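Encoded as structure tokens, the structure appears first; notes follow it.
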Amino acid sequence: MISLVWGILAMIWMVLALVPVIGITNWLLIPFAAVGAIIAAVGLLFTRSGRRGRAKAGLVINGIVIFVAIWRLGLGGGLI
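-13 is the number of the first residue of the sequence shown in our numbering; add one for each residue after it.
Next comes the structure, spelled out in structure tokens:
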């Protein structure tokens, strides 16, 4: 559950970071989403097979956020 909420917060932050002037915040967003992905991975390891849906969703959301943040930094040259 924590990783899902973490991923939703990261997704909201990612949408805000798509604004050109605020794009530099992607440097902070990537580690934030990585922590969420690690929490999701731990959740996948230590939960029963029937209750892994939220951890999988958190892992996917955080993975998408990391991918888009890296892509956005590539477009802006790492600054904008």
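Note that beta-carbon positions come from the ideal geometry of N, C-alpha and C, so glycine has one too.
From a predicted model like this one, the values you see are computed outputs, not experimental measurements.
Skipping 5 residues on each side, what residues in its chain have a beta carbon closer than 8 Å to that of residue i?
i, result
"K42", "A26 and L30"
"R38", "G29 and L30"
Throw me the rounded Cβ distance for the residue i and residue j pair, which I believe falls under 8 Å.
i, j, result
"I10", "L2", "About 12 Å; that fails the 8 Å criterion."
"M0", "L14", "With 8 Å as the limit, M0 and L14 do not qualify as a contact, their Cβ atoms being about 11 Å apart."
Comparing C-alpha positions only, which one of the options sits nearest to residue i?
i, options, result
"I24", "S35, N48 and R34", "N48"
"G60", "P6, V28 and S35", "P6"
"G62", "I(-12), M(-3) and N12", "N12"
"G64", "G36, S35, V46 and L4", "L4"
Who are the near neighbours of residue i in its chain, counting only those whose CB is closer than 6 Å to its CB and skipping five residues on each side?
i, result
"L(-10)", "R40, A43 and G44"
"G(-7)", "G22, G44, I47 and N48"
_Contact between the stretch 42 to 56 and the stretch 12 to 22 (3+ Cβ pairs under 8 Å)_ = yes
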